[in-house]
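Taking the numbering used here, the leading residue of the sequence shown gets 22, the next gets one more, and so forth.
Heads up, the beta-carbon is just placed ideally off N, CA and C, and yes, glycines get one too.
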Amino acid sequence: MSLTKYLIDSDVARCMCTYELIEDLATALGVGLEDFFVLSQLKYQLHLANAGKAQKKLGSAAAVAQAIKLIDQASEVVVMAESANYALLEGTPDIDGGE
22 MSLTKYLIDS DVARCMCTYE LIEDLATALG VGLEDFFVLS QLKYQLHLAN AGKAQKKLGS
82 AAAVAQAIKL IDQASEVVVM AESANYALLE GTPDIDGGE
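Structure below.
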(Lines of atoms letter the chains of each structure in order from A and count residues from 1; the text may use other names and numbers.)
(Lines give C-alpha, C1' and ligand atoms only; values in the text may rest on other atoms or scores of the structure.)
Protein backbone atom coordinates (compact mmCIF):
# COMPACT_ATOMS: atom_id res chain seq x y z
CA MET A 1 0.00 0.00 0.00
CA SER A 2 1.35 3.37 -1.04
CA LEU A 3 1.12 6.72 0.70
CA THR A 4 0.18 8.21 -2.66
CA LYS A 5 -3.52 8.09 -3.58
CA TYR A 6 -5.22 8.94 -6.86
CA LEU A 7 -8.81 9.96 -7.57
CA ILE A 8 -9.81 8.56 -10.94
CA ASP A 9 -12.47 10.42 -12.89
CA SER A 10 -15.39 8.17 -13.88
CA ASP A 11 -14.84 8.74 -17.61
CA VAL A 12 -11.15 7.90 -17.25
CA ALA A 13 -11.94 4.78 -15.23
CA ARG A 14 -14.41 3.65 -17.92
CA CYS A 15 -11.87 4.20 -20.71
CA MET A 16 -9.03 2.53 -18.83
CA CYS A 17 -11.21 -0.51 -18.12
CA THR A 18 -12.53 -0.61 -21.70
CA TYR A 19 -8.98 -0.87 -23.03
CA GLU A 20 -7.96 -3.18 -20.14
CA LEU A 21 -5.34 -0.70 -18.92
CA ILE A 22 -6.39 -0.08 -15.31
CA GLU A 23 -3.76 -2.43 -13.88
CA ASP A 24 -1.16 -0.97 -16.24
CA LEU A 25 -2.02 2.48 -14.90
CA ALA A 26 -1.46 1.29 -11.35
CA THR A 27 1.86 -0.27 -12.32
CA ALA A 28 2.99 2.87 -14.16
CA LEU A 29 2.17 4.97 -11.09
CA GLY A 30 3.85 2.48 -8.76
CA VAL A 31 0.70 1.86 -6.72
CA GLY A 32 -1.93 -0.83 -6.28
CA LEU A 33 -5.60 -0.64 -7.15
CA GLU A 34 -6.29 -0.06 -3.46
CA ASP A 35 -4.53 3.30 -3.84
CA PHE A 36 -7.20 4.57 -6.23
CA PHE A 37 -10.36 6.43 -5.28
CA VAL A 38 -13.45 6.40 -7.49
CA LEU A 39 -16.79 8.15 -7.17
CA SER A 40 -19.45 5.96 -5.59
CA GLN A 41 -21.73 6.21 -8.64
CA LEU A 42 -19.18 4.57 -10.97
CA LYS A 43 -20.51 1.06 -10.38
CA TYR A 44 -23.97 2.26 -11.36
CA GLN A 45 -22.75 4.17 -14.41
CA LEU A 46 -21.02 1.01 -15.66
CA HIS A 47 -24.07 -1.18 -14.84
CA LEU A 48 -21.87 -3.67 -12.98
CA ALA A 49 -24.85 -5.36 -11.33
CA ASN A 50 -26.02 -6.54 -14.77
CA ALA A 51 -23.34 -8.43 -16.73
CA GLY A 52 -25.06 -7.92 -20.09
CA LYS A 53 -25.48 -4.18 -19.69
CA ALA A 54 -21.95 -3.83 -18.30
CA GLN A 55 -20.45 -5.70 -21.24
CA LYS A 56 -22.44 -3.57 -23.68
CA LYS A 57 -21.16 -0.42 -21.93
CA LEU A 58 -17.53 -1.55 -21.65
CA GLY A 59 -17.19 -3.68 -24.78
CA SER A 60 -15.87 -6.99 -23.44
CA ALA A 61 -16.03 -9.42 -20.56
CA ALA A 62 -12.37 -8.67 -19.77
CA ALA A 63 -13.18 -4.96 -19.48
CA VAL A 64 -16.07 -5.76 -17.12
CA ALA A 65 -13.71 -7.94 -15.03
CA GLN A 66 -11.27 -5.03 -14.76
CA ALA A 67 -14.05 -2.64 -13.74
CA ILE A 68 -15.28 -5.05 -11.08
CA LYS A 69 -11.72 -5.49 -9.78
CA LEU A 70 -11.27 -1.71 -9.64
CA ILE A 71 -14.54 -1.20 -7.77
CA ASP A 72 -13.71 -4.01 -5.35
CA GLN A 73 -10.23 -2.75 -4.52
CA ALA A 74 -10.50 1.04 -4.82
CA SER A 75 -12.00 3.26 -2.15
CA GLU A 76 -15.20 5.14 -2.85
CA VAL A 77 -15.60 8.88 -2.54
CA VAL A 78 -19.06 10.13 -1.71
CA VAL A 79 -19.68 13.77 -2.53
CA MET A 80 -22.43 15.34 -0.47
CA ALA A 81 -24.67 17.91 -2.17
CA GLU A 82 -24.25 20.32 0.73
CA SER A 83 -20.48 20.37 0.17
CA ALA A 84 -20.77 21.69 -3.39
CA ASN A 85 -19.44 25.19 -3.96
CA TYR A 86 -22.40 26.77 -5.75
CA ALA A 87 -20.61 30.10 -6.18
CA LEU A 88 -18.02 28.38 -8.40
CA LEU A 89 -20.73 26.63 -10.38
CA GLU A 90 -22.51 29.92 -11.07
CA GLY A 91 -19.30 31.46 -12.35
CA THR A 92 -18.70 28.61 -14.80
CA PRO A 93 -21.96 27.82 -16.59
CA ASP A 94 -20.35 25.16 -18.83
CA ILE A 95 -19.48 22.91 -15.85
CA ASP A 96 -21.98 20.27 -14.82
CA GLY A 97 -22.72 20.33 -11.08
CA GLY A 98 -21.97 16.60 -11.00
CA GLU A 99 -18.41 17.25 -12.04
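Check                                                                                                                                          : Outcome
Please classify Val85 as buried or exposed, where buried requires at least 16 other C-beta atoms within 10 Å of its C-beta.                    : buried
Given this structure, state the Cα-to-Cα distance separating Cys38 from Lys26, to the nearest angstrom.                                        : 19 Å
Ordered along the chain, which non-local residues of its own chain (more than five positions away) have a Cβ less than 8 Å from that of Ala47? : Gly53, Leu54, Asp56 and Phe57
Figure out for me which residue from Ala88, Gln62, Ala70 and Glu44 has the closest Cα to the Cα of Arg35.                                      : Ala88
Check for me: the alpha helix (DSSP H) holding Leu46 runs from which residue to which?                                                         : Ile43 to Leu50
If you draw a straight line from the alpha carbon of Ala83 to that of Leu67, how long is it in whole angstroms?                                : 14 Å
How would you label Val33, buried or exposed, when you count the other beta carbons within 10 angstroms and need 16 or more for buried?        : exposed
Grouping DSSP H, G and I as helix and E and B as strand, with all else coil, what is Ser96?                                                    : strand
Compute the Euclidean distance between the alpha carbons of Gly73 and Leu79, then round it to the nearest angstrom.                            : 10 Å
If you draw a straight line from the C-alpha of Ala75 to the C-alpha of Leu28, how long is it?                                                 : 22 Å
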